[in-house]
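Chains as they are written, first to last, in the numbering used here: chain A, 823 to 1241; chain B, 823 to 1241. We put the beta carbon where it would ideally sit given N, CA and C, even for glycine. Quick notes on the structure that follows.
Protein chains: 2
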Amino acid sequence: MGIVGAGVVKILAGNSSTLAKKAGKKLQIVAVSARDKKKKRGIKLAGIKWHDSALALAKDPEIDVIVELIGGDKGVAYELCKTALKSGKHVVTANKALIAARGMELAELAEKNKVALLFEASVAGGIPIIKALKEGLAANNIKRVTGILNGTSNFILSAMADEGRPFDKVLREAQKLGYAESDPSFDINGKDAAHKLAILTALAHGCRINSEAIYTEGINNVSPDDIAYANELGFTIRPLSISRMSANGIEQRVHPSLVRKTEPIASVNGVLGAVLVECDQLGPAFFTGAGAGQGPTASAVVADIIDIASERYSLPFGVAVSKLAEAKFSGIENHKGSYYVRLNVKDKPGVLASITAAFSKQDIGVEAVLQKANTRNKTAQIALTTHHTNEKSIRKVLKNISEMEYVVETPHMIRIEEF
Amino acid sequence: MGIVGAGVVKILAGNSSTLAKKAGKKLQIVAVSARDKKKKRGIKLAGIKWHDSALALAKDPEIDVIVELIGGDKGVAYELCKTALKSGKHVVTANKALIAARGMELAELAEKNKVALLFEASVAGGIPIIKALKEGLAANNIKRVTGILNGTSNFILSAMADEGRPFDKVLREAQKLGYAESDPSFDINGKDAAHKLAILTALAHGCRINSEAIYTEGINNVSPDDIAYANELGFTIRPLSISRMSANGIEQRVHPSLVRKTEPIASVNGVLGAVLVECDQLGPAFFTGAGAGQGPTASAVVADIIDIASERYSLPFGVAVSKLAEAKFSGIENHKGSYYVRLNVKDKPGVLASITAAFSKQDIGVEAVLQKANTRNKTAQIALTTHHTNEKSIRKVLKNISEMEYVVETPHMIRIEEF
Chain A
823 MGIVGAGVVK ILAGNSSTLA KKAGKKLQIV AVSARDKKKK RGIKLAGIKW HDSALALAKD
883 PEIDVIVELI GGDKGVAYEL CKTALKSGKH VVTANKALIA ARGMELAELA EKNKVALLFE
943 ASVAGGIPII KALKEGLAAN NIKRVTGILN GTSNFILSAM ADEGRPFDKV LREAQKLGYA
1003 ESDPSFDING KDAAHKLAIL TALAHGCRIN SEAIYTEGIN NVSPDDIAYA NELGFTIRPL
1063 SISRMSANGI EQRVHPSLVR KTEPIASVNG VLGAVLVECD QLGPAFFTGA GAGQGPTASA
1123 VVADIIDIAS ERYSLPFGVA VSKLAEAKFS GIENHKGSYY VRLNVKDKPG VLASITAAFS
1183 KQDIGVEAVL QKANTRNKTA QIALTTHHTN EKSIRKVLKN ISEMEYVVET PHMIRIEEF
Chain B
823 MGIVGAGVVK ILAGNSSTLA KKAGKKLQIV AVSARDKKKK RGIKLAGIKW HDSALALAKD
883 PEIDVIVELI GGDKGVAYEL CKTALKSGKH VVTANKALIA ARGMELAELA EKNKVALLFE
943 ASVAGGIPII KALKEGLAAN NIKRVTGILN GTSNFILSAM ADEGRPFDKV LREAQKLGYA
1003 ESDPSFDING KDAAHKLAIL TALAHGCRIN SEAIYTEGIN NVSPDDIAYA NELGFTIRPL
1063 SISRMSANGI EQRVHPSLVR KTEPIASVNG VLGAVLVECD QLGPAFFTGA GAGQGPTASA
1123 VVADIIDIAS ERYSLPFGVA VSKLAEAKFS GIENHKGSYY VRLNVKDKPG VLASITAAFS
1183 KQDIGVEAVL QKANTRNKTA QIALTTHHTN EKSIRKVLKN ISEMEYVVET PHMIRIEEF
């Protein structure tokens, strides 16, 4: 009964006759539970049972569907879902941490007890991307899923680009506007997006969830300079979450990425969410919408409830857990792609030549270079993009360059995502 | 067994083990039918029964699901679907003309016989927009659906904008590239898009299909000048299909529209399709992808087959036909919005003043004006955009202006769609 829970109650109450037509039956809120009974929630709870313990909901024989909106991958949220499924109750949840950590176990419980476990709201808010991957795009083999899965990160990078302001200032503004938590670390360090990506990977590639094998890099190292250079070079920087079939296995990566401005995902600004799914039959399918917030998240929760009431729900991961592949995952060290590099160097003749020589020594072609002198301290900043290469080579060249005597700062690298 | 039919066979055959996992059972092609048995289709049909008459499929007791890819709103396509539903067989179709014309009747037959009638492929190719409207966004009241539903029209307007070439030349190129039929009239005059819009309206607003109450205007009157002026004024011209809840009823409109370049739908180029759904809870949800072609359309057909095999299909229109509203529809004469107007006038002092006076006489505010002289024949072209007004007032002002002696050509108007 937090913000999303109140949103679900609002939709179910405010829209009950339309929803009854769609569900083929009346949807009734039997009981609710929350930590604080007295808290103002802006909704009427008259006529609805109150349970002091959320776990009591799972035992209430009048209840068919449990909606878990507590959060966290253990404790009450986990116990509630587990007990509900074991008691033959359907479960709807928005809890990405729980599904990323214990999705396989809970899905097996749901299958065994022939009940639904639906979690559309756990990824990309109200965008029906989980249904699309499980059902609408089911005829396709999926090559890559690319998402903007964390609204806080995307808001920060968008605002930095619009206003040329540094990360810290924009973060404080995001906190003031309510777009970032008072402790925003999970949003900014990529952990929140990684939970969501783990879920999308399993759905897109038909494999078991692996939330360990995710390379995760936050957006806090992106500087206003990077954004300005990227812009000059024809790119926008976006906080991408990528799951890609590669020759070495499935890559799962969460990191800021340069994206060409002409790509649709480059135009996804602010707190919007987006998912691009590259399909073998359909080609690219692109979904955008509100990735978070009360209405959007509640919209996804209620859609799941209607699916259950209409008895048209699919298996939690589209196929039986026993038939999900034990996929091979590929680490970031095997990544292949192009890169953006920014260097601070002493402004002396021959420096640019030595740097480009360092790249060609590793067989890396340089695609574009910008150099800007800072006359005040006789340094220069060099920003460049490379042709297609690989993670090992780029790391080698950055190491070599950082050891050169005229390099005054650790070189900074951001991956380019090409479509 | 045309292009899409062959695509369906390719997916079912090429991907059978993955699809069996998703469907929970093996999907088997029992029989096929087409006009010409000998035609080369690039697929193996060995071991598959051949029926010379498509109607024989509906009587074949081995068949559970009929996939109708014939087209047309009467004749064999209609008879096949009707007979199949009456015989208790599920039907999957890509036939927008049939669903727009006889969707209510066929849906009632499906409901009565407790079988599925699914038509995801009939609108926007492989984009799962019908599933989204029926299921993923089911918690929302929908205010407006805006689509780019005809790839040929969008290709033509995009190519005209990129290359500054006139409609006729670009159309011939589109025909050469296979993006336009040899008789492209239904694509260009908006009829094809109108069929699709009629289906989306019923799904979005929970009402009976009304394919008569659609204002339809083709793209053939859009000139390179319009595209250039729109561009200068900050807009792109797109072939939009719009279904909107208004105070006077549901508006259904298919016409070229000016869209601000910053809107996501303005960036949908070439043969891509797109649908923007404005929801009360979720806000705007935007879907893009291939709106036509063998793979994309077959992708949607196979997704419907998997839904049937998994027994998770919903009612044809999301709610029972008996519960669909008999909605009021609003004609174009009630439309409210902003407008773009282009005039050819004699280049004389006072002309612009008289024209702007004509607008203010109808209480229409002019937002922006461009005027370009043509010294060769002493005329000038004036392009302007208005503030929010209504269809009656703009038609009145255009009539008044066309009667002015210095106006050398019938004034040209294009509606602006605001989001």
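{"Query": "Every unbroken beta strand (DSSP E) inside the stretch 1038 to 1123 of chain B [3 residues or more]", "Result": "1057 to 1068, 1071 to 1082, 1094 to 1101, 1105 to 1112"}
{"Query": "Sheet register partners of I885 of chain B (DSSP bridge)", "Result": "Its beta-bridge partners do not exist; DSSP assigns none."}
{"Query": "Option nearest I1064 of chain B by Cα separation, candidates B:G1159, B:I1128, B:S1007", "Result": "B:G1159"}
{"Query": "Short CB-CB distance (under 8 Å) between Y804 of chain B and chain A", "Result": "Any property of residue 804 of chain B remains undetermined from this structure, which presents chain B solely from 823 to 1241."}
{"Query": "Closest by C-alpha distance to N1196 of chain B, when choosing among B:R1030, B:D1169, B:V992, B:G1071", "Result": "B:D1169"}
{"Query": "CB contact check: Q1103 of chain A to chain B, cutoff 8 Å", "Result": "yes"}
{"Query": "Rounded separation between I1010 of chain B and I1041 of chain B - CA only", "Result": "6 Å"}
{"Query": "C-beta contact flag for A856 of chain B and L879 of chain B at 8 Å", "Result": "no"}
{"Query": "Reduced DSSP secondary structure (H/G/I, E/B, other) of E1189 of chain A", "Result": "strand"}
{"Query": "Opposing strand residues paired with Y1162 of chain B [DSSP bridges]", "Result": "B:T1207, B:I1236"}
{"Query": "The stretch 1170 to 1179 of chain A in contact with the stretch 1136 to 1146 of chain A per 3-pair CB rule at 8 Å", "Result": "no"}
{"Query": "Contact residues within the stretch 989 to 1019 of chain B, judged by C-beta distance below 8 Å to chain A", "Result": "none"}
{"Query": "In DSSP terms, what C1029 of chain B is bridged to", "Result": "B:A1147"}
{"Query": "Residue-chain proximity (S1160 of chain A, chain B), Cβ-Cβ < 8 Å", "Result": "no"}
{"Query": "I968 of chain A: first and last residue of the uninterrupted beta strand (DSSP E) it sits in", "Result": "Just to set this straight, residue 968 of chain A is Thr in the shown sequence, not Ile. Start and end: 964 to 970."}
{"Query": "Span of the beta strand (DSSP E) around A878 of chain B", "Result": "Unbroken run through A878 of chain B is the alpha helix (DSSP H), 876 to 879; no beta strand (DSSP E)."}
{"Query": "Proximal residues, the stretch 838 to 858 of chain B versus chain A, C-beta separation under 9 Å", "Result": "T840, L841, K843, K844, A845, G846"}
{"Query": "Under 7 Å from the C-beta of I949 of chain B: neighbouring residues of chain A", "Result": "A1107"}
{"Query": "Burial state of V992 of chain A (16 or more Cβ within 10 Å)", "Result": "buried"}
{"Query": "Anticipated Cβ contact below 8 Å, I1186 of chain B with V1219 of chain B, distance rounded", "Result": "6 Å"}
{"Query": "Contact check, N976 of chain B vs R1060 of chain B, beta carbons under 8 Å", "Result": "yes"}
{"Query": "Test item: CB-CB of I1021 of chain B and A1114 of chain B under 8 Å", "Result": "no"}
{"Query": "Below-8 Å beta-carbon distance, T1110 of chain B vs any chain A residue", "Result": "yes"}
{"Query": "Stretch pair the stretch 1087 to 1099 of chain B + the stretch 910 to 926 of chain B: three plus CB contacts closer than 8 Å", "Result": "no"}
{"Query": "Near-chain A residues of the stretch 1129 to 1151 of chain B - C-beta to any C-beta below 7 Å", "Result": "D1129, S1132, R1134, Y1135, S1136, G1140, V1141, K1145"}
{"Query": "Assigned secondary structure, K1168 of chain B (DSSP; H/G/I helix, E/B strand, else coil)", "Result": "strand"}
{"Query": "Alpha-carbon spacing of A876 of chain A relative to V898 of chain A, whole angstroms", "Result": "7 Å"}
{"Query": "Distance CB(K1018 of chain A)-CB(S944 of chain A) smaller than 8 Å", "Result": "yes"}
{"Query": "C-alpha distance - I885 of chain A paired with A1125 of chain A, whole-angstrom precision", "Result": "18 Å"}
{"Query": "Integer-rounded CB distance, given that H1077 of chain B should sit under 8 Å from G1012 of chain B", "Result": "7 Å"}
{"Query": "Contact list for P1118 of chain A against chain B, beta-carbon separation under 8 Å", "Result": "Q1103, L1104, G1105"}
{"Query": "Neighbour flag for I1072 of chain A against chain B, beta carbons, 8 Å", "Result": "no"}
{"Query": "8 Å Cβ cutoff, V898 of chain B in contact with chain A", "Result": "no"}
{"Query": "Closer than 9 Å at the beta carbon, the chain A residues around L959 of chain B", "Result": "G948, P950, S1121, A1125"}
{"Query": "Beta-carbon contacts of V1191 of chain B that lie in its chain and below 6 Å, excluding the five residues immediately before and after", "Result": "L1206"}
{"Query": "Closest residue to I1036 of chain B among B:H1157, B:P950, B:C903, B:F1241 (Cα-Cα distance)", "Result": "B:H1157"}
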